[in-house]
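Reading through the structure tokens given below for one structure.
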Amino acid sequence: MAALDFAGMPAPLPLVDRVLDHLRVIWGDDADDALARRIIAAMGIGDADASIPLERPERWTERDVALITYGDSVLGDGRPLEALAELVRTRLTEAISVVHVLPFCPYSSDRGFSVIDYSAVDPDLGTWDDITDLGEHVTLMFDLVINHISAQSDWFQQFLADEEPGRRYIKTASPNDDLSDVVRPRSLPLLTPFETASGLQHVWTTFSEDQVDLDWSSPDLVCAMLEVIDLYVRNGARFLRLDAIGYVWKVPGTTSIHLPETHEFIKLFHTLLAVRAPHVSIITETNVPDRENRSYFGDSDEAHLIYNFSLPPLAIDGVLNGRADRLVDWLASAPAPPPGTTLFNFLASHDGIGVRPAEGFLTDEEIAGLVDLAHQQGGMHGTYSRKGVDKPYELNISFPDLFGGVDDPHMVDRILLLHTIVLSLAGLPAIYMNSLLATVNDYAQVEADGGIRRSINRGRVHLDDVPAADGDDWRSRIMNGLIERAALRRAHTAFHPDSPQTLRDLDGVLAIDRIPQGASAVSVLCNMTNTPRTVVHDGPWTDLLSGESGTDEITLQPYAAAWLQ
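For any residue, its number in this note's numbering is found by taking its place in the sequence shown, counting from 1, and adding 10.
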């Protein structure tokens, strides 16, 4: 029987024993004590026999709102990272607490997600000092592009030359392998042939021929990537985003997504960070249907946060179709995140608006309707492949264009309403920089990036063109409205990410009750329709958004929201 500590809980295993348990799931009998100690050292932990802390640090509060941005989404007269820090410092410190800087390393394609060198900052963006300076004002989220690396990287060039260490770092397969069940996020060849010093090799390329997949079955590769994690922690990362994590372990004859070894690697990172940097949280990026996505919580032993990928398509569908029922049915039926975890709530990102996570909640015809609407409004869409059949994967379009453009009288209200939902729900909310800056479809950026559809909502804005704080044009109304609502959210304990919530559909009005212990509750009302809606409220109320007060009932104008206290 295991020894018990003073609290009656099982005494924690030494770190080396816990790590060895993880490694045995991944490598079986090839895992041993020596490899466990090597793994621990690669993470920058000096004491392999240390105990794993049992207590859970406070990772988030109601004051946490994230901003998702490229290092060069904002430009100035100097380095782009300096311009980003200036915008954060001068306009956003009351509204934003976390900044997710999308991959800032030197890269060869995919706007940073084809990393050439994990240890460097792209000189076109700035320096590590610029990252540190930004971290003086906000908490930082870094990307670990974990599934693949650039074909121009030293590791891949070593692979081609059959030289150490890269020769062992790249995932290969045979064209004769059974790859028919592999889930693809792209409609491109899965294997790419390369001539190497040791002969023709077929490299696994999940995303593109310039993004060669890493071989996570190699302990040497794992140690090298743990050294990268340690570097990021030392440079201020408080959140570590694992990009495309679902694909890292591959086995011919399977789907090669969400395999048990993939989950075990996240558990390994979780265990190591609990000792190396207990304040650092793991966030997984898996743009897949909701049930698959939530599997990355594990039993509170994998991701601390997961991207809430089902929220964007269902919220957007609600506003476009004037209904709250689909959103409420999903939110009310979804299992609560396990203790110590939460959802990362967002609407748009650098990757567009995923529609796969709406599967099971919207019909194929309804998803096709979203795709058709995006095309009508000048947008595009990407596809994924399963057993050779292409299906919609994501919408590529800006929010102002999706909601009718500048001529639509409800466009601004719809955008503010959707973000109010994100700010109101349990979880940690995030706003995409291009949504904040109210950019429109950027066809020039698509052309400049070689026809990449996602670039339509990845445009850059000079500081001189950022909407004015005192402006009354439609872009200023969006940006200032988002800043005001995010700042107001941060002032109310009811919006703590872990605060309980109940949900109702009141004839097209989404009602969210946030009921914290020991603090005032807030009733959120969001009119998803294009007509006024009157809602009965139990007793006197004050609307935190408008400052108005009333009794018994409140009338919401089309696409209006209220936070009643």
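Glycine included, each C-beta is placed from N, C-alpha and C at the ideal position.
Only a predicted model underlies this, so the values are computations on that prediction, with no experimental measurement involved.
Asked                                                                                                                                                                                              : Found
Assuming L428 and Q387 are in contact, meaning their beta carbons sit under 8 angstroms apart, how far apart are those beta carbons, in whole angstroms?                                           : Going by Cβ atoms, the distance from L428 to Q387 rounds to 15 angstroms, so no, they are not a contact pair.
Buried or exposed, going by whether 16 or more other CB atoms sit within 10 Å of the CB of Y569?                                                                                                   : buried
For Q527, is the classification buried or exposed, using 16 other Cβ atoms within 10 angstroms of its Cβ as the cut-off for buried?                                                                : exposed
Per DSSP, C233 forms a beta bridge with which residues?                                                                                                                                            : Its beta-bridge partners do not exist; DSSP assigns none.
Please name the residue, chosen from F275, T449 and N467, that lies closest to E312 on a Cα-to-Cα basis.                                                                                           : F275
Please give the ranges of any beta strand (DSSP E) in the region 235-281, keeping only runs that are unbroken, at least 3 residues long and fully inside the region.                               : 247-253
By alpha-carbon positions, which one of A284, C233 and V519 ends up nearest to R543?                                                                                                               : V519
Take V338 as the anchor and find which of P439, L516 and G392 has the nearest alpha-carbon.                                                                                                        : L516
From D191 to V213, what distance separates their C-alpha atoms?                                                                                                                                    : 18 angstroms
Mind checking D15: buried by the 16 CB within 10 Å criterion, or exposed?                                                                                                                          : Only weak support is given to the placement of D15: the predicted model assigns it a pLDDT of 41, under 50, and the question is left unresolved by the model.
Can you give me the C-alpha to C-alpha distance between L492 and L201, rounded to a whole angstrom?                                                                                                : 44 angstroms
On the CB-based measure, 16 or more other CB atoms within 10 Å of its CB, does S208 come out buried or exposed?                                                                                    : exposed
Nearest by alpha-carbon distance to I441: which of I55, D459 and T79 is it?                                                                                                                        : T79
Can we say the region 57-76 touches the region 277-295, given the rule of at least three CB pairs closer than 8 angstroms?                                                                         : yes
Within 10 angstroms of the Cβ of Y117, are there 16 or more other Cβ atoms? Answer buried if so, exposed if not.                                                                                   : buried
Counting Cβ pairs, one atom from each stretch, are 3 or more of them under 8 angstroms apart for the region 161-171 and the region 84-93?                                                          : no
Excluding the 5 residues preceding and the 5 following G362 in the sequence, name in chain order all residues of the same chain whose CB lies nearer than 6 angstroms to its CB.                   : E404, L405, N406 and R464
Assign S320 to one of three DSSP states: helix, strand, or coil.                                                                                                                                   : coil
Drop a sphere of 10 angstroms on the beta-carbon of P347, count the other beta-carbons inside from all chains shown, and report buried for 16 or more, exposed for fewer.                          : buried
So what does DSSP say about P24, is it helix, strand or coil?                                                                                                                                      : strand
Out of D300, G328 and W484, state which residue places its alpha-carbon closest to the alpha-carbon of Y317.                                                                                       : D300
Measuring alpha carbon to alpha carbon, tell me which of S83, W138 and D423 ends up nearest V243.                                                                                                  : W138
Give me the residue from R101, R34, R48 and D42 with the minimum Cα distance to M443.                                                                                                              : R101
Under 7 angstroms Cβ to Cβ from L30, same chain only, skipping five residues before and after it: list those, please.                                                                              : A41, D43 and A46
Starting from the C-beta of L4, find all residues in its chain whose C-beta is less than 8 angstroms away, skip the five residues before and the five after it, and write them out in chain order. : The requested residue 4 does not occur in the structure, where the chain is confined to residues 11 to 575.
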